[in-house]
Amino acid sequence: MASLREAGSLAICRRLPPSLLRRSSSRRRRSLAALTVALLAVAACGISPTDVRDRENAPTARIPPPSKTIYLLRDGKLTLEAADVEDDTVESLLGALFAASTQALDGRDTALRGFTYLRIKDSLNPVQRDEVRLPRTSTLTVYISGEGTLSDLGKAQIVCTAQQDAAYVQVKIVRDNQNRPSKDEGRYTCGDFLRLITQ
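Per this note's numbering, the very first residue in the sequence shown carries number 13; after that it's consecutive.
The following block contains the structure:
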């Protein structure tokens with residue numbers, strides 16, 4: 013007993029003219045013949061299946077760490093120099109800046125010899141009660157240790173390296189030596205040291 017769907021299909025087919033039915037069946041035959049030829053061509057190309065074989069390791073690309081810049085000295089002026097760092101954070105850049113004191117610098121120099129980078133602290137300047145409400149700005153505090161005087165060139169190296177991250181509007185430097193109170197070395201922007209930067 014034919015289902016309702018089959019009965020409906022038979023009814024539609026009975027209404028179609030015989031020439032259209034012949035045309036669609038000849039199209040079907042041509043499609044089937046083309047498919048058969050294609051399958052035979054693929055089967056006859058001589059490729060036989062093989063078992064899975066272990067080969068050498070897949071080729072991989074080693075991505076180098078991001079190359080960033082720090083401020084060193086050349087001829088007594090600040091100059092941007094490439095520094096390969098672990099990542100692109102300000103901490104990594106400052107670590108590389110202070111580590112340069114222990115490396116051969118090939119014609120470059122640093123005013124940070126004898127100083128050690130300790131840590132940083134990021135703080136948003138709070139809005140004062142009677143102050144006009146402007147966007148809050150971020151101050152980066154850089155803690156260092158070491159003896160002697162931190163020159164303007166040394167301060168400029170720290171501040172300008174840190175302010176490559178535009179989030180920091182100013183940089184505060186604090187000397188934090190053991191068994192002594194911390195010493196505030198001041199708050200700066202890189203613009204305060206423009207006279208020291210190579211043009």
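Every residue gets a Cβ at the ideal spot worked out from N, C-alpha and C, and that includes glycine. Fair warning: this is a prediction, and the values are worked out from it, not measured in the lab.
Cβ neighbours of residue i in the same chain (closer than 7 Å, five flanking residues each side left out)
i	result
E197	L162, K167, I185, V186 and R187
T122	L84, L85, A112, S113 and Q169
E18	For E18, the predicted structure reports a pLDDT of 49, less than 50, and the residue's modelled location is therefore unreliable. The matter cannot be settled from this model.
S194	V186, R187 and D188
A108	I82, A95 and V97
Per DSSP, cross-strand counterpart(s) of residue i
i	result
V154	I132 and I185
T81	A94
I209	L90
F127	G158
6 Å Cβ shell around residue i - same chain, five flanking residues per side excluded
i	result
K133	T153
D99	none
P78	Confidence in P78 is poor, its pLDDT being 49 and thus under 50, which makes the residue's placement too unreliable to answer from.
L102	Looking at the sequence provided, one finds Val at residue 102 rather than Leu. Same-chain partners within the cutoff: A174 and D177.
L106	Y129
Q182	T151, R199 and T201
Same chain only: Cβ atoms within 8 Å of residue i, ignoring 5 sequence neighbours per side
i	result
R90	The residue asked about is misnamed: residue 90 is Leu in this sequence, not Arg. So the list reads Y83, L84, L165, A168, Q169, C172, F205, L208, I209 and T210, once near-sequence residues are dropped.
S157	F127, T128, L130, R187, D188, N189 and Q190
For residue i, the three-state DSSP class (helix, strand or coil)
i	result
S194	coil
Q175	coil
R199	strand
D121	strand
D204	helix
Residue i versus residue j - alpha carbon distance
i	j	result
G119	R65	55 Å
E93	T201	19 Å
K80	S135	24 Å
Q115	D96	13 Å
Y180	N191	30 Å
G203	F110	21 Å
L117	D87	13 Å
T8	R42	Absent from the structure is residue 8, since the part of the chain shown begins at 13 and ends at 211.
Selection from the options that minimises the alpha carbon distance to residue i
i	options	result
G126	E159, L106 and L109	E159
S104	L44, R131, A45 and S194	R131
Beta carbon proximity, residue i to chain D, threshold 8 Å
i	result
A46	Absent from the structure: chain D. Only one protein chain is present.
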